[in-house]
Amino acid sequence: MAVADPPAALVSTAAAERAARRLAERFPDVTFRRQEGEAVRDLTIVVPASRLVEICTFLRDDPGTEFAMLAWVGGVDLLPRQPRFEVVYHLLSITHAARLALKVLVHEEDARVPTVTGVWPTANWHERETYDFYGITFDGHPDLTRILLPEDWVGWPLRKDSPLGYQEVAFTHNTPGRRLPTPDLTALKPKKVRYRAH
Amino acid sequence: MTLNMGPQHPSTHGVLRVVLELDGETIVRAKPIIGYLHTGMEKQAEYKTYTQSIPQTDRMDYLSPMSNNLALCLAAEKLLGIEAPARAQAIRVLLTELTRISAHCVWLGTHALDIGAMTVFFYCFREREKVLSIYDQVCGARMTASYFRVGGLSSDIPAGLLDRCQTFVDEMPAHADEYERLLSKNPIWLARTQGVAPLSAKDAVALGATGPVLRGSGVGWDLRKNAPYCNYQEYEFDVPTGANGDAYDRYMVRVREIRQSTRIAHQAIAKIRAMGERGEYRLRDYKYVVPPKEDVKTSMEALIHHFKIVAHGFFPPVGEAYHAIEAPKGELGFYFVSDGTPRPWRMKVRSPSFVNLQTLPTMIEGRLVADVITAIGSLDIVLGEIDR
Chain X
2 MAVADPPAAL VSTAAAERAA RRLAERFPDV TFRRQEGEAV RDLTIVVPAS
52 RLVEICTFLR DDPGTEFAML AWVGGVDLLP RQPRFEVVYH LLSITHAARL
102 ALKVLVHEED ARVPTVTGVW PTANWHERET YDFYGITFDG HPDLTRILLP
152 EDWVGWPLRK DSPLGYQEVA FTHNTPGRRL PTPDLTALKP KKVRYRAH
Chain U
-12 MTLNMGPQHP STHGVLRVVL ELDGETIVRA KPIIGYLHTG MEKQAEYKTY
38 TQSIPQTDRM DYLSPMSNNL ALCLAAEKLL GIEAPARAQA IRVLLTELTR
88 ISAHCVWLGT HALDIGAMTV FFYCFREREK VLSIYDQVCG ARMTASYFRV
138 GGLSSDIPAG LLDRCQTFVD EMPAHADEYE RLLSKNPIWL ARTQGVAPLS
188 AKDAVALGAT GPVLRGSGVG WDLRKNAPYC NYQEYEFDVP TGANGDAYDR
238 YMVRVREIRQ STRIAHQAIA KIRAMGERGE YRLRDYKYVV PPKEDVKTSM
288 EALIHHFKIV AHGFFPPVGE AYHAIEAPKG ELGFYFVSDG TPRPWRMKVR
338 SPSFVNLQTL PTMIEGRLVA DVITAIGSLD IVLGEIDR
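Residue numbers (my numbering), protein chains in the order written: chain X, 2 to 199; chain U, -12 to 375.
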């Protein structure tokens, strides 16, 4: 057991700026737009989906950036704006004490993004969650299935056109076609209960 | 053979299901299946004001409600560009460190119980009870605290609380010794944890593990040190790390964290005492923060502000912010996207248990079924936070 030395540096925006500069130097052919707004509190760079994996691999491996950890991935639905969706990647560099956010814009008609599971294995569940909530497909993902919702759920609950509530809770006894994968429990069939929406 | 472990299994600490593919007693492949406790908190948050989401967070990691409240409040404060007064920050530090102690106590008790050491469980819950009573005195609830607010606290701490905290913090190191006497050199404990469920530093980082799981693997990364919030830079404490990344190291890290938390709590109490009996516990920026109740009763301005914020909520600027804290289980962060209305356009929770659980297959593949229980225990997961 040991006690870690005091960290070399605190997480700073300067470190993120340095990483962003390195990125721009390495990919001169890509235009990196910065997310702008009244209150965008983290350095966020919009990257093209087609170059995402390449950019992420560079950010992970380059000694000047070394974003060895992917903190999380999440989706945002910006209906009625087009492109409608955004996928946000929050990167963390432990060696350089930096945080950097990447963003990919996704069109509704072609909601696909290449997976980054090959770069950071942790992306696996995050991407599944984003798929589960928004229906965005991650090309090349090893196991793109629903993660928090039931496998046979229909719809994408976190999309803005998906309503909150007023839906019956789906159990086997009130959802036709929904079956337990295991034994037949007809002998234990409960009394018929009718559920009504509020 | 395929074996379903859970979702109703006492050692899965809730409703986790792990599908194990076995060859004899050796695990060939493991797949955690989650979602049994999904309640759509992120969706619900889009229909609530920022403040209304605070009680929701108590139910995420229900063993550390204060930390969850804090993470949400800090993220909202970052979005608004405001900061709570120093007194509120010190009280937040004190209470979240007590939360860490109680969360680690629950973890140690249940983890030891899983492995077969029953005595520790009773000892740990005795101390946890004291923290819950402190919560009770602070905010009237033992588990669902909802005590922090955007811009400060819901009320000042009651008289006599600091003495009570002081007694608890003074006693706690001796209790930690007690736990250690029961476990740290216990041959059965060593056999069940040392070398079991190892996770290399490289794997831990690649899989996004944070908190004691990451530090147990030897990476000294702690957001309280590396990205201080609530003036953590003014406190003196160490970041314990392990070397082998096995279940024993994770145990050691957490026990040492209990001791470090008492150190921080000591300093926080001294700080609050130095600020006097009463003080600024909430920001006086009435665009975003509710005025103190005493003012509401006497001043019309205050009443108007109170009414506006309670009825509408505050209006944050258009933008987005992510803020993470070092919760007992790791990096707990909230990401808000604001469209300028009082309700967040999107709230995303980065919960540490969700990410840490992903390391489970790496830990147990090629090992024995009995080690799965140790591995799950040593990860310290709470399903409420995983499924949200």
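A virtual CB, placed ideally from N, CA and C, is assigned to each residue, including glycine. Just so we're clear, the structure is a prediction, and the values are computed from it rather than from any experiment.
The Cβ of GLU313 of chain U sits no closer than 9 angstroms to any Cβ of chain X. Just measuring C-alpha positions, the residue of U:ARG237, U:GLU313, U:GLU288, U:ILE251 sitting nearest ASP225 of chain U is U:ILE251.
Scanning U:THR(-1), U:LEU82, U:ASN(-9) for the CA closest to the CA of GLN153 of chain U turns up U:LEU82.
Look at the beta carbons and you see the segment 54 to 74 of chain U touching the segment 298 to 312 of chain U: at least three pairs across the two are nearer than 8 angstroms. In chain order, LEU149, LEU150 make up the part of chain X whose C-beta sits under 7 angstroms from the C-beta of HIS25 of chain U.
For VAL283 of chain U, the enclosing alpha helix (DSSP H) has its first and last residue at 280 to 285.
Taking 9 angstroms as the cut-off, the Cβ atoms of MET130 of chain U and LEU119 of chain U count as close. Boundaries of the alpha helix (DSSP H) around TRP176 of chain U: 174 to 180.
Check the Cα spacing between LEU85 of chain U and each of U:ASN218, U:ASP157, U:HIS0: the tightest is with U:ASP157. Under DSSP, SER325 of chain U takes part in a beta bridge, and its partners are U:GLY306. One Cα belongs to THR97 of chain U, the other to TYR275 of chain U, and the distance between them is close to 41 angstroms. At least one CB of chain U lies nearer than 9 angstroms to the CB of ALA69 of chain X. Residue burial is scored here from C-beta neighbours: ALA184 of chain U has at least 16 other C-beta atoms within 10 angstroms and is therefore classed as buried.
ALA17 of chain X is positioned such that its CB atom lies closer than 9 angstroms to that of ARG100 of chain X. Look at VAL114 of chain X here: in three-state DSSP terms it is strand. Annotated as proximal: GLY75 of chain X and ARG337 of chain U, with beta-carbon spacing under 9 angstroms. TRP94 of chain U and TYR90 of chain X have their alpha carbons spaced roughly 31 angstroms apart.
For LEU92 of chain X, the beta-bridge partners assigned by DSSP are X:LEU71, X:LEU101. Three or more beta-carbon pairs separated by less than 8 angstroms are not found between the segment 28 to 39 of chain X and the segment 291 to 300 of chain U, which leaves the two stretches without contact. The CB of GLY136 of chain X never comes closer than 9 angstroms to any CB in chain U; the least such distance is about 14 angstroms. ALA72 of chain X and ALA257 of chain U have their C-alpha atoms some 35 angstroms from each other. One thing to note: ARG375 of chain U has its Cβ no nearer than 9 angstroms to the Cβ of PHE321 of chain U.
The shortest CA-to-CA distance from GLY156 of chain X to any of X:PHE172, X:TYR132, X:ALA15, X:ASP144 is the one to X:TYR132. Chain X has no Cβ within less than 9 angstroms of the Cβ of ILE259 of chain U. Each of X:ARG23, X:VAL77, X:THR45, X:ASN125 was checked against the Cα of PHE59 of chain X, and the nearest Cα belongs to X:ARG23. Between the C-alpha atoms of VAL5 of chain U and ALA124 of chain X there is a straight-line separation of about 20 angstroms. When 7 angstroms is used as the limit between beta carbons, VAL41 of chain X is near these residues of chain U: GLY306, GLU307, in chain order. Between GLY300 of chain U and ARG19 of chain X, the alpha-carbon positions lie close to 38 angstroms from each other. In the three-state reduction of the DSSP assignment, GLU158 of chain U falls in the helix class, which pools H, G and I. For ALA40 of chain X, the closest C-alpha among the options U:GLN(-5), U:GLY198, U:PRO303 is that of U:PRO303.
Residue contact with chain U for GLY38 of chain X: present (Cβ-Cβ distance below 9 angstroms to some residue of chain U). A Cβ-Cβ separation of about 6 angstroms places THR138 of chain X in contact with ALA112 of chain X under the 8 angstroms criterion. Put simply, the CB of PRO329 of chain U is far from chain X, with every gap to its CB atoms at 9 angstroms or more. Pairing GLY317 of chain U with TRP208 of chain U, the inter-Cα distance amounts to about 10 angstroms.
Here VAL107 of chain U carries a helix assignment [DSSP, helix/strand/coil].
The beta carbons of TYR268 of chain U and ASP143 of chain U sit closer together than 9 angstroms.
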